[in-house]
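For reference, the structure is listed below as structure tokens.
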Amino acid sequence: MPLKVVLAIDRDDDLGRKTSIESPVIGREENLNAAIALAAADPEDSDINTIFGALKIYDDLKRKGEDVEVVTICGNESVGLFSDTRIANQLDEIKKRLGAESVVVVTDGSEDEVVMPIISSRFKIDAVKRIVVKQSKTIESTYFMIKRMLNDPKIARMTLAPLGIILLVYSIFLILRISEMGSGAIIFFIGFYLVLKAYGLEGAIEEYFFTLKKSLLEGRLSFITYITAAMLFVIGTIQGFNSMWKVYTQPVSPGVLILVISFIYGAVWWAVGAGISAVLGKILDLLIEGKSFKKHLVVPFLLVSGALVLWGTSIFILSNYSSTRDVFDISPDSAFEYLLTSIAGAILIATIIIYPLTRRK
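Position 88 of the sequence shown, counting from 1, maps to 88 under the numbering used here, and the rest follow consecutively.
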């Protein structure tokens, strides 16, 4: 059995979607036929070069007398949890079928290289080869390269979608003749988007829309709960900005921190409702599929306990400023009681409900 595998990675399953070829694709002839089929389906797909690159490395190692095999594995169009889980399952299958000990990883870019930790947990990685297609440096070729990039759904979601949302938000505020709030909303959105990218949370949002689409196409009842979650989130965002606007229009400048806290005060319970609705949809799907949903039961209680602390803290801070105290009609004494009650409630929920649920096997 081969001790080394030349492994081509197609994280978003271009091969499967465009040719209907199931992965893993094992063997030189099988991979050659797969690359030709993908080239016939989409000559501009970079995964073609990845597979041919893997075949070249395979041939070079074979000529040196090494015991080697070439394999292409694919993820899922919904890049993230689904695709990486599928890749992990295929890696386990390869290890079981071929008995390989090490791999040479071949990719076409940094996105595919995200799965390196998954690979390294199962195989010793001898080398990583990134296949980069040579491009002409003329203006015309640059134009067509940019055009192809923007036609790529993955790149379009990362660039065109945020830009489109920014323009829509700003145009709405211009129509309402409050352009200053529009600038603030755009800065907030950009900051929110950057935080999502920094912590890799954009995959969760993509997964939400993928699940929403799937529940609609399959006629699941959870589609209603997912739509409800989205609407509650939108309402919460509007309520948060409404609270910010009330504070912002006060004669005394409140400062950025108070604006953020006023947003939390206005939005927190709507956001919790959205989260609970989404979790209920997930639980409903798992019930229909006959799968275990116990690990999801703790999420609503975590959301409520966390929201209690945020809500109580926001009330207490807002009550200490005369301008915000008048806006939200909060007295310092009652705010302190709210703070203590919310913290006590969060601790009580954590002790009585969350802890037993997380300890249950």
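Ideal Cβ placement from N, Cα and C applies to all residues, glycine included.
- In the same chain as residue 19, and ignoring 5 residues on each side of it, the C-beta atoms closer than 6 Å to its own belong to 37, 38, 41, in chain order.
- Contact between residue 123 and residue 103 is confirmed by a C-beta separation of about 5 Å, below the 8 Å threshold.
- Setting aside the 5 residues that flank it on each side, residue 189 is surrounded in the same chain by 162, 165, 166, 169, each with a C-beta closer than 8 Å to its C-beta; the list follows chain order.
- Short of 6 Å from the beta carbon of residue 346, and not among the five residues preceding or following it, lie these beta carbons of its own chain, in chain order: 305, 308, 309.
- Annotation: residue 12 is outside any beta strand (DSSP E) and is labelled neither H nor E by DSSP.
- Counted as a single uninterrupted DSSP element, the beta strand (DSSP E) harbouring residue 102 occupies residues 102-107.
- Taking a contact as a CB-CB distance under 8 Å, the pair residue 237 and residue 267 counts as one, their CB atoms being some 6 Å apart.
- The shortest C-alpha to C-alpha distance from residue 158 to any of 125, 193, 330 is the one to 193.
- The alpha-carbon of residue 341 is positioned some 10 Å away from that of residue 334.
- Taken in chain order, the whole beta strand (DSSP E) runs of length 3 or more contained in the segment 1-79 are 4-10, 68-74.
- Only buried fits residue 263, as 16 or more other CB atoms lie within 10 angstroms of its CB.
- If you check the CB distance, residue 284 and residue 222 come in under 8 Å.
- If the five residues before and after residue 46 are omitted, its C-beta is found closer than 8 Å to the C-beta atoms of 108, 109, 131, 133, all from its own chain and listed in chain order.
- Assignment of beta-bridge partners to residue 127 by DSSP yields 104.
- Taking C-beta atoms as the reference points, residue 15 and residue 74 count as a pair closer than 8 Å.
- For residue 260, the enclosing alpha helix (DSSP H) stretches over residues 256-289.
- The continuous alpha helix (DSSP H) containing residue 341 extends over residues 332-349.
- For residue 329, the three-state secondary structure derived from DSSP is coil.
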